[in-house]
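Have a look at the structure below, then the notes.
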Amino acid sequence: MPLGSPPGAAFESVMVLSITRLAADVEPRRPSGYPAGMRDLDDLFAGLAQSRFRRRFALGRREADYLAQRGLDAVLAHGAEFVADRLAPARPANDGRQTPWRNHPIFVAQHATGTCCRTCLARWHRIPAERALSAGEQAYVLAVIARWLRNQPEAATAPRQPDLFRD
Ligand SMILES: [Zn+2]
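Each residue of the sequence shown is one higher than the last, beginning at 5 in the numbering used here.
Encoded structure:
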């Protein structure tokens with residue numbers, strides 16, 4: 005990792021590497037990126053920016069502070085658990101209401117990116133409901149969330165601080 009890389013860079017490169025491997029298993033000639041059928045992220049974020057509903061989401065002070073204190077890697081590790089537990093099952097519990105509106109940066113990012121429930125995942129990301137998400141699809145969802153968090157002005161400007169609290 006070159007000097008000056010953002011804290012999330014190492015995590016992302018590991019993630020992208022594993023996504024690329026999965027994509028290669030599924031479709032060997034696909035040059036890079038996500039499993040076959042996943043949306044291009046530039047295309048996705050252009051679409052999200054057109055949505056009056058999605059674009060109004062932003063980190064509140066509390067979520068921004070939490071992200072700054074914990075760092076992106078730790079927050080994304082929570083995100084991986086949320087995605088695995090609340091989104092990945094074929095029939096998630098309380099689907100459509102499983103993602104709170106606030107109190108964790110991941111929740112806000114999920115609403116902002118249409119990764120909050122299986123209905124939104126089907127509509128925005130063309131991932132069908134009623135079946136479990138693959139590992140590659142979960143990594144894709146996390147990459148979407150990571151990109152949104154990295155785009156937040158608070159995340160870009162807040163200095164990385166040592167962990168003040170531990171679980
Ligand atoms: Zn939703």
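Think of the CB as a built atom: it goes at the ideal place given N, C-alpha and C, for glycine as much as any other residue.
| Query | Result |
| --- | --- |
| Between which two residues does the alpha helix (DSSP H) carrying P109 extend? | P109 to T117 |
| Please list, in chain order, all residues of the same chain as W152 whose beta carbon is under 7 angstroms from its beta carbon, the five residues on each side excluded. | A113, A116 and T117 |
| Under 8 angstroms by Cβ, that's how I've got T103 and R90 pegged, so tell me the actual separation to the nearest angstrom. | 7 angstroms |
| Just to check, is the beta-carbon of T123 closer than 7 angstroms to a non-hydrogen atom of ligand 1? | yes |
| Taking its Cβ as the centre, do 16 or more other Cβ atoms sit within 10 Å of A150, making it buried, or is it exposed? | buried |
| The alpha helix (DSSP H) with G75 in it runs from where to where? | Run containing G75: none; DSSP gives neither H nor E here. |
| Exposed or buried, W105, counting other C-beta atoms within 10 Å across all chains shown (16 or more means buried)? | exposed |
| What is the rounded straight-line gap between the Cα of R65 and the Cα of I131? | 32 angstroms |
| Let me check you understand the geometry: is the CB of G64 closer than 7 angstroms to at least one non-hydrogen atom of ligand 1? | no |
| Would you check if the stretch 92-100 and the stretch 131-143 touch, i.e. whether three or more CB-CB distances between them fall below 8 angstroms? | yes |
| Determine the extent of the alpha helix (DSSP H) in which V148 is found, giving its start and end residues. | A139 to N155 |
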